[in-house]
Structures are given as C-alpha cells and as structure tokens.
Amino acid sequence: MTPAALATTVRDAALEVLRARELDESVLPEQVVVERPRNPEHGDYATNLALQIGKRLGVAPRELAGWLADALAQSDSIDSAEIAGPGFVNLRLAADAQGGIVAKVLEEGAGYGQGEQLAGTRINLEFVSANPTGPVHLGGARWAAAGDALGRVLEAQGADVTREYYFNDAGAQIDRFVNSLMAAAKGEPTPEDGYGGAYIGEVANAVLTQQPDALEREDAAEVFRQIGVGLMFDEVKRSLHEFGTDFDVFFHEDSLHQSGAVGELVERLKNSDNLYFSDGAWWLRSKEFGDDKDRVVIKTDGAPAYIAGDIAYFADKRARGFDLCIYMLGADHHGYIARLKAAAAALGDDPATVEVLIGQMVNLVSNGEPVRMSKRAGTVLRMEDLVDVVGVDAARYSMIRSSIDASLDIDLDLYAKRTNENPVFYVQYAHARLCSIARNAEDLGIAAAGRSELGLLTHEREGELIRTIGEFPGVVKASADLREPHRIARYLESLAAAYHRFYDSCRVLPMGDEPATELTGARLALCTAARHVLANGLRLLGVAAPERM
RNA sequence: GCCCUCGUAGCUCAGUGGAUAGAGCACUGCUCUCCGGAAGCAGGUGUCGCAGGUUCGAAUCCUGCCGAGGGCGCCA
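Shown next, in the form of structure tokens:
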C-alpha cells in the first residue's frame with residue numbers, strides 16, 4: 008500500500024466515522040496528510056487529521072482520533088492504529104500491504120515516480136542565458152545543473168518542456184567584447200570597461216587564424232564580431248553539453264531586432280493600457296507589478312530600450328505556444344520579476360504565464376576567505392574548471408543539492424581534496440552495490456520473488472527501506488510543484504542510507520552452499536525496487552547511475 | 001531609504017504548521033571469515049540571529065529589529 012493509497016484509506020475511514028456520528032463531513036480536506044514520523048516508535052505512518060478538523064467539528068481531537076483509530080484498525084492493510092500525543096493517529100502497515108509498494112515499483116520500473124500533474128502543459132524553461140562574452144562560469148554552472156534537473160522533474164510530471172538559452176547578442180556588452188578582442192589582436196591592453204582573461208587572447212588568435220587580414224580590413228569590427236561571437240557561442244554550447252546540459256533552443260536576441268519583431272512590438276504596445284507616454288518616452292507600468300518605478304520601453308530618441316527586447320522575446324515564446332514561461336535568473340536580476348510580469352500584462356496576456364525563479368549566487372571560497380571573481384579582470388572560475396577538479400557528476404550534484412534560495416559557498420581546495428566525500432558517491436555507491444547483487448543473483452540463477460512472497464519482508468530495516476521507496480512519487484511531485492530539484496538529491500541520500508542500513512543487517516543472497524529461500528527472492532525483489540528508484544532519481548538529476556565504480 | 005534571498009551543530013547545508021530539529025564532512029571508539037568497508041553502529045555539541053504575535057502545536061506563518069549577500073539607469 009502506497010502512502011497515497013493509505014491517505015485515501017484514512018479519508019474513507021474518516022468519512023465513515025463522520026457519517027456514523029452525523030457530523031459535518033464537509034470539513035474533511037480533499038488531501039489527507041499522512042506522513043512518516045521521525046520517531047519510529049510513533050509507527051510507520053501518522054495522520055494529524057483529528058487535530059486538523061477536531062476543533063471545527065467541536066470534538067476533542069483525541070476523542071476523534073480514537074474513533075478514527077478504531078475505524079482504521081478494521082482495515083486488513085493496517086496492523087495497528089493508535090492515538091498518540093494531542094490527537095495523532097499512529098499507523099502500522101500490515102507486511103503484506105507494505106510489500107505492495109515493492110510490487111508497484113517492479114511493475115512500473117523506470118516509470119516509477121512519474122505523475123500526470125502537468126500533463127498537457129507546454130513549458131518554456133529558460134536558464135543560464137549568460138552573456139556570450141566569455142566562458143560559462145561558476146554561477147552559470149549552478150543554473151545549468153539546477154535548471155536541467157528542474158526540466159527533468161517537470162517532465163516527470165508530464166510536462167512538455169523546452170529548454171531554452173537566450174543569447175544577449177545585441178548591444179553594448181557585445182561591443183565591449185569585440186573591442187577587447189581587437190585590442191588583444193593588436194597586442195594592446197584591455198580597453199576601459201572591456202573584458203580581460205586569457206580566453207580573450209585565445210579567441211582573438213582564433214579569429215586571426217580564420218581571417219588573417221582581419222585587422223587590416225575596413226570592416227574589421229564586423230569580422231571580429233561575426234567570428235569572435237560565433238566562437239564564443241560554440242564554446243558556451245560545447246561546455247554546457249559536456250556538463251550534461253543540452254538545450255532545445257538557443258535564442259538570439261539579435262534575431263528579434265533583425266526580424267523587425269521589436270519594432271513591430273513597440274508600435275503595438277503604444278495601444279496598450281499598460282504603457283503611457285510621458286516626458287517624451289513610453290513607459291511600462293511595472294510599478295503595478297511590484298517594481299520600484301515604471302520603466303522606459305521606448306526612449307525619447309524613439310529607440311527601443313533593452314526591456315523592449317524582453318517583451319518581444321516573451322511575445323515570441325507565447326506565439327510558439329507555451330502555456331508557461333519559466334525564467335531562472337540570478338539574484339542580481341531579481342528586479343526583472345515585476346518587469347516581466349508587467350510585460351505580459353502589457354501584451355494583454357496573463358502575468359501568471361510568467362514565472363521567475365531567482366537563484367542566489369555561488370561564491371568561491373578559499374581557506375574560509377571569499378575569493379573575488381571578476382569577469383572583467385578574467386578571474387572567474389569557469390564551469391570547466393570545476394568539472395576538471397571533481398568531474399561532471401560531482402559538480403552537478405553539488406550544484407543541485409542545495410536550495411537555489413540559498414547562496415552557495417564552493418571551496419575548490421576542499422573539493423579537490425575530498426571528491427570521495429561528495430554525497431553523490433554515497434548515492435552512486437548504493438546503486439553500484441545493488442547492481443553487484445543483481446549480477447551475483449543472476450550467476451546463481453536466483454530470481455526475484457513474486458507479489459505473494461513480499462509479505463515476508465518484515466525486518467525493521469526492510470520496512471524502513473520499503474517505506475522510503477514509497478515516498479519517491481511524492482518527493483518528485485513536491486519537487487515539481489515547488490520547482491525545487493534539490494529535494495530529489497536529499498531524498499536519494501536518505502534512500503541510499505536506508506539501503507545501506509538494510510544491507511548491513513539483512514543478508515540477501517545465500518551464504519556458501521545454503522539454498523535460496525523464499526525470503527531470498529523477496530529481498531532480491533526489494534533490492535531490484537531500490538535499484539530502480541535510485542536510478543530513476545539520479546536520472547532526474549542528470550547524474551549517472553553507475554553499475555560499477 | 002526601498003525591494004529580494006538568506007541567518008539552523010565546528011564547517012557545507014536539509015527540514016512545503018506537527019511529536020525528542022536532521023544529514024554529510026571533521027573528531028573518537030566499535031562492528032565485519034563469504035552478497036562491493038566508498039558500508040554500518042555508538043559517542044556530542046544547537047538561546048534554530050534577537051524580540052513580540054497568530055496557533056492545540058512555529059525553525060517554518062505575521063510584525064519589528066540585528067547581521068550577510070544581491071538589486072534599485074531613457075545601460076544592456
């Protein structure tokens with residue numbers, strides 16, 4: 008019996024109690040909370056239902072809990088139901104019912120954990136979107152890992168997700184980049200407000216290799232822009248790909264200007280109630296969406312401001328049929344939330360189709376001291392540097408494991424020294440260990456047991472492992488609902504722990520010449536289920552589930 | 001000044017209103033003849049930044065304060 012099924016059982020039992028006592032059944036929530044108590048003495052599961060609705064019914068929670076416990080105790084699936092504390096009902100599942108969780112995982116395999124919550128929803132997930140004026144750095148790596156994982160989690164709930172990267176390749180940033188390249192090509196120092204760093208010299212040289220007379224040409228800047236920016240695009244795409252993050256669409260801001268989309272949009276917006284003319288410029292009423300002030304969309308000189316591109320881009324996304332546009336941005340862009348919402352409103356669209364996730368910064372730390380990173384000075388730590396030190400799996404895992412709401416401190420020295428201590432190895436090891444058992448079982452010709460033997464799994468550690476496995480679908484759903492992929496990582500750590508503890512006290516395969524028993528088969532089935540869930544969870548993170556390590 | 005996020009063990013961080021607040025790392029001791037020891041068990045540290053409030057119940061929600069980071073251009 009899965010937690011979801013148990014919740015239904017509890018609700019049904021409660022409904023029965025309320026009806027029998029002629030109490031108001033409308034106070035019963037649709038979703039009854041059934042959770043795993045911290046303290047195992049409090050049972051396998053517990054429900055706080057009596058506490059939730061007791062007051063509204065005018066019944067003492069403990070009394071209500073007593074009625075509920077009596078009703079639940081009637082179920083074949085439930086071994087015991089007891090009142091506890093202020094009005095909890097602590098439940099213990101019958102071993103056979105609990106074994107049903109294992110059977111379900113074996114049945115669903117790679118599909119276990121998926122849901123239909125977002126079926127039919129087309130989501131545009133934009134993340135990273137770092138300026139193509141340099142390599143992807145540490146912060147970008149965080150969004151690459153977390154964004155990709157979020158995409159996978161949303162897909163696991165049935166969403167149709169398009170991963171998108173927005174290249175800001177129009178405007179002054181690129182001009183500075185080009186100027187920096189040309190200065191490097193001429194052997195001149197980095198210009199004021201230009202970009203430093205070794206890669207500038209490398210890209211400049213690459214441009215000269217492709218176009219040896221680039222500096223002499225009249226359209227030198229254009230040549231450097233074409234080739235240099237192109238090389239940078241390739242570099243960004245390549246490093247993200249190597250990081251296990253692939254995008255469906257790389258969108259170029261420049262294309263919005265070239266196609267005239269921005270110009271058309273600007274004209275159209277003048278008719279919007281959310282735009283007004285003042286002091287010679289056109290303003291967006293972003294204040295109504297929480298902004299500090301309204302923002303200029305069309306400048307006094309008639310040229311579109313940067314934000315016009317954002318609005319055109321959003322319009323483009325919607326025109327492509329997306330129901331929801333998620334933007335993952337760094338904390339330095341939190342001011343965009345109101346603007347993007349206002350932009351949707353200005354287009355006559357629903358601001359709820361814009362969802363902005365703000366992630367906090369990644370700091371580089373050394374010996375407990377923060378290391379200042381400057382893109383301009385070229386002292387940033389690149390995503391690749393991190394990968395070189397710890398590998399893709401550990402790098403991704405480190406980035407995903409924490410909530411994006413919290414800023415993250417990365418101590419590279421520590422990572423370099425202790426790669427084996429990254430929790431990802433703990434999780435991967437559990438998977439590798441399970442694969443080893445599966446290999447041995449196959450050699451011995453032992454097969455996993457069928458449904459009827461799963462009730463033999465009555466050991467405390469078996470129960471804990473089974474119940475942890477049972478939590479997975481709920482974790483995936485919460486992870487998707489809250490846009491918090493780190494929950495998957497934390498869950499996997501608890502699953503790996505439950506498995507290692509099980510392994511420590513429950514021998515799976517027969518020792519020496521002992522024959523395989525029904526329990527052997529049942530434990531093997533449990534192992535197979537655990538292996539599926541570890542693999543499914545790691546897949547959601549884009550982290551490998553190795554068979555050997 | 002205003003806005004956003006954070007403040008939990010020595011460190012890095014979990015904890016979408018529940019019972020005695022957790023994990024990894026670091027420290028110490030133990031378990032183990034055979035399924036992978038990259039494991040398990042035990043030991044111990046907490047004014048959950050501070051102060052109020054809401055609630056049967058608050059690390060979690062609300063208000064104020066303190067501290068850290070970030071943001072507040074007709075730049076992009």
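Per my numbering, the first sequence starts with residue 8, numbered consecutively. C-beta: ideal position from N, C-alpha, C; glycine also. Bear in mind the structure is a predicted one, so any value in this text is a computation, not a measurement.
Measure the alpha-carbon distance for N138 versus V387 and round it to whole angstroms.
Position 131 of the first sequence, counted from the first residue, corresponds to residue 138. Position 380 of the first sequence, counted from the first residue, corresponds to residue 387. Their backbone Cα atoms lie some 14 Å apart in a straight line.
Return the Cβ separation of L531 and A456 in integer angstroms, given the expectation that the two are a contact with Cβ distance under 8 Å.
Counting from one through the first sequence, the residue named residue 531 turns up at place 524. Counting from one through the first sequence, the residue named residue 456 turns up at place 449. Right, their Cβ atoms sit about 7 Å apart.
I'd like the list of long-range same chain contacts for G342, defined as Cβ closer than 8 Å, with 5 residues on each side in sequence excluded.
Mapped onto the first sequence, residue 342 falls at position 335. Here the set comprises D298 and D299.
Measuring CA to CA, which of N131, A402 and V96 is closest to A326?
Along the first sequence, one-based indexing puts residue 326 at 319. Closest by alpha carbon: N131.
Between the beta-carbon of A402 and the beta-carbon of A148, is there less than 8 Å?
Residue numbering aside, residue 402 sits at position 395 when the first sequence is read from its first letter. Residue numbering aside, residue 148 sits at position 141 when the first sequence is read from its first letter. Yes, the pair counts as a contact, with Cβ atoms nearer than the cut-off.
Which of helix, strand or coil does DSSP assign to R170?
On the first sequence, position 163 is the one that residue 170 refers to. It is a strand residue.
Among the candidates R494, P142, P311 and G194, whose CA atom is the shortest distance from the CA of V269?
Translated into the one-based positions of the first sequence, residue 269 becomes position 262. Considering only alpha carbons, the answer is P311.
Helix, strand or coil: which one does DSSP assign to P311?
Within the first sequence, residue 311 is the residue found at index 304, counting from 1. If DSSP states are grouped into helix, strand and coil, P311 belongs with the strands.
Measuring alpha carbon to alpha carbon, tell me which residue in G528, R474, P219 and S512 is nearest V540.
What you label residue 540 is simply residue 533 of the first sequence in a count that begins at 1. Considering only alpha carbons, the answer is R474.
One question on the structure: do H438 and A542 come within less than 8 Å of each other, judged by their Cβ atoms?
Within the first sequence, residue 438 is the residue found at index 431, counting from 1. Within the first sequence, residue 542 is the residue found at index 535, counting from 1. Cβ atoms of H438 and A542: closer than 8 Å.
Let's test the definition: count the other Cβ atoms within 10 Å of the Cβ of Y172 and tell me whether it reaches 16, buried, or not, exposed.
Here the question's residue 172 lines up with position 165 in the first sequence. Classification for Y172: buried.
CB Y52 to CB P10, shorter than 8 Å?
Residue mapping note: residue 52 aligns to position 45 of the first sequence, counting from 1. Residue mapping note: residue 10 aligns to position 3 of the first sequence, counting from 1. Yes; because the gap between Cβ atoms is below 8 Å, this pair is in contact.
What are the start and end residues of the alpha helix (DSSP H) that includes N543?
Reading the first sequence from its first residue, position 536 is the one you call residue 543. Here the alpha helix (DSSP H) through N543 covers E525 to L548.
Going by the DSSP bridge assignment, what does F95 pair with across the sheet?
Mapped onto the first sequence, residue 95 falls at position 88. Partner(s): A91.
Can you name, in chain order, every residue of its own chain whose Cβ lies under 8 Å from the Cβ of Q435, other than the five neighbours on each side?
Translated into positions along the first sequence, residue 435 becomes position 428. For Q435, where only same-chain residues beyond five positions count, the Cβ hits under 8 Å are D400, L545, V550, A551, A552, P553 and M556.
Of all the options I417, A190 and L354, which has the alpha carbon lying nearest to the alpha carbon of L215?
Within the first sequence, numbered from 1, the residue matching residue 215 stands at position 208. The residue with the shortest Cα to Cα distance from L215 is A190.
Helix, strand or coil for M239 per DSSP?
Indexing the first sequence from 1 puts residue 239 at position 232. M239 falls in the helix class under three-state DSSP.
Is the separation between the beta-carbon of L58 and that of L64 shorter than 8 Å?
Residue 58 sits at position 51 when you count from the first residue of the first sequence. Residue 64 sits at position 57 when you count from the first residue of the first sequence. Result no, Cβ atoms of L58 and L64 do not sit closer than 8 Å.
Is it right to say T307 is buried, meaning 16 or more other beta carbons lie within 10 angstroms of its own, or is it exposed?
If you number the first sequence from 1, residue 307 lands on position 300. Under this definition T307 is an exposed residue.
Does DSSP put M189 in a helix, in a strand, or in coil?
Here residue 189 corresponds to residue number 182 of the first sequence, with the count starting at 1. It is helical.
Name the two residues that bound the continuous beta strand (DSSP E) containing N447.
Against the first sequence, residue 447 aligns to sequence position 440. Unbroken run through N447 is the alpha helix (DSSP H), P430 to L451; no beta strand (DSSP E).
Within a Cβ cutoff of 6 Å, which residues of the same chain sit near S512, ignoring the five residues on either side of it in sequence?
What you label residue 512 is simply residue 505 of the first sequence in a count that begins at 1. R468.
Whose C-beta lies closer than 8 Å to the C-beta of F479 among residues of the same chain, with five residues either side of it excluded?
Residue 479 sits at position 472 when you count from the first residue of the first sequence. Same-chain partners within the cutoff: Y119, G120, Y498, L502, V540, N543 and G544.
Can you tell me the Cα-Cα spacing of T527 and T128, whole angstroms?
In the first sequence, counting from the first residue as 1, residue 527 sits at position 520. In the first sequence, counting from the first residue as 1, residue 128 sits at position 121. Using only the alpha carbons, I get a separation of about 44 Å.
For D167, tell me which candidate among G328, A153, R69 and L291 has the shortest Cα-Cα distance.
Here residue 167 refers to the residue found at position 160 of the first sequence. Closest option to D167, Cα to Cα, is G328.
Is K324 buried or exposed, if buried means 16 or more other CB atoms sit within 10 Å of its CB?
The count along the first sequence starts at 1 and reaches residue 324 at position 317. When all chains shown are included, K324 counts as buried.
Near P522, which residues of its chain fall below 8 Å by C-beta distance, leaving aside the five closest residues on each side in sequence?
For this step, residue 522 is matched to residue 515 along the first sequence. Answer for P522: no residue qualifies.
What residues are listed by DSSP as bridge partners for R302?
By 1-based counting over the first sequence, the position of residue 302 is 295. Note: R302 sits in a beta bridge opposite L291.
Start and end of the beta strand (DSSP E) containing P377?
Along the first sequence, read from residue 1 onward, the residue named residue 377 stands at position 370. Looking at the DSSP string, the run of the beta strand (DSSP E) that includes P377 is E376 to V378.
First and last residue of the alpha helix (DSSP H) that includes A53?
Residue mapping note: residue 53 aligns to position 46 of the first sequence, counting from 1. Run containing A53: none in the alpha helix (DSSP H); it sits in the beta strand (DSSP E), Y52 to T54.
Please report the distance separating the alpha-carbon of L291 from that of F258.
On the first sequence, residue 291 is found 284 positions in, with the first residue counted as 1. On the first sequence, residue 258 is found 251 positions in, with the first residue counted as 1. C-alpha separation (whole angstroms): 24 Å.
Would you call the CB atoms of E295 and A349 closer than 8 Å?
Position 288 of the first sequence holds residue 295. Position 342 of the first sequence holds residue 349. Cβ atoms of E295 and A349: closer than 8 Å.
Relative to the C-alpha of L188, which candidate in G154, L145 and Q233 has its C-alpha closest?
Counted from its first residue, the first sequence places residue 188 at position 181. L188 has its Cα closest to that of Q233, out of G154, L145 and Q233.
DSSP three-state label for R43, please.
Locating residue 43 in the first sequence gives position 36, where the first residue counts as 1. The answer is coil: DSSP assigns R43 none of H, G, I, E or B.
So I333 is in the beta strand (DSSP E); what residue range does that whole segment cover?
Here the question's residue 333 lines up with position 326 in the first sequence. From DSSP, the beta strand (DSSP E) with I333 extends over L331 to G337.
Measure the C-alpha to C-alpha separation of R458 and A110 and round it to an integer number of angstroms.
The sequence position of residue 458 within the first sequence is 451, counting from 1. The sequence position of residue 110 within the first sequence is 103, counting from 1. Going by the C-alpha atoms only, they are around 6 Å apart.
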